[in-house]
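To convert, count from 1 in the sequence shown and add 44; that's our numbering. Cβ atoms here follow ideal geometry from the backbone N, Cα and C, with glycine treated the same way. All of these numbers come straight from a predicted model, not from anything done at the bench.
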Amino acid sequence: MLTSAKRVLFAGCLLLAGAAVLLFMLENPQRIHLVFLGAASAELPVAALMMVSFILGLLTCLLFSLWVLGRWRMRVAQLRRELVVLTRQSGQER
């Protein structure tokens with residue numbers, strides 16, 4: 045019961061965030077162009093540039109967290125193998 049309530053609350057928060065982003069994009073039609081290292085972009089709405097930067101940030105964080113999680117899992121697997129070897133060795137000594 046509680047997990048379904050959490051799912052509904054999470055879905056509601058996502059819908060609210062999506063509505064806020066949509067409202068922001070519709071209310072801010074200002075167009076700008078960015079210049080980075082001498083290269084200029086086409087004129088795009090401010091909201092579109094902000095959404096692209098937000099999505100790129102999310103993807104960067106996701107990839108970094110997956111990399112860290114992979115390293116942790118490899119370390120745990122290595123420690124488990126060492127534990128198995130040590131328990132077998134201690135069992136043979138008795």
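For residue i, the first and last residue of its enclosing alpha helix (DSSP H)
{"i": "residue 133", "result": "90 to 137"}
Cβ pair residue i, residue j closer than 9 Å
{"i": "residue 69", "j": "residue 91", "result": "yes"}
Close Cβ partners of residue i (< 7 Å) along its chain, the five nearest in sequence each way excluded
{"i": "residue 99", "result": "none"}
{"i": "residue 2", "result": "What is shown of the chain runs 45 to 138, which leaves residue 2 out entirely."}
Residues of its chain near residue i, where Cβ-Cβ distance is below 6 Å and the 5 sequence neighbours each way are ignored
{"i": "residue 113", "result": "none"}
Completely contained beta strand (DSSP E) runs for the segment 51 to 79, where each covers 3 or more residues
none
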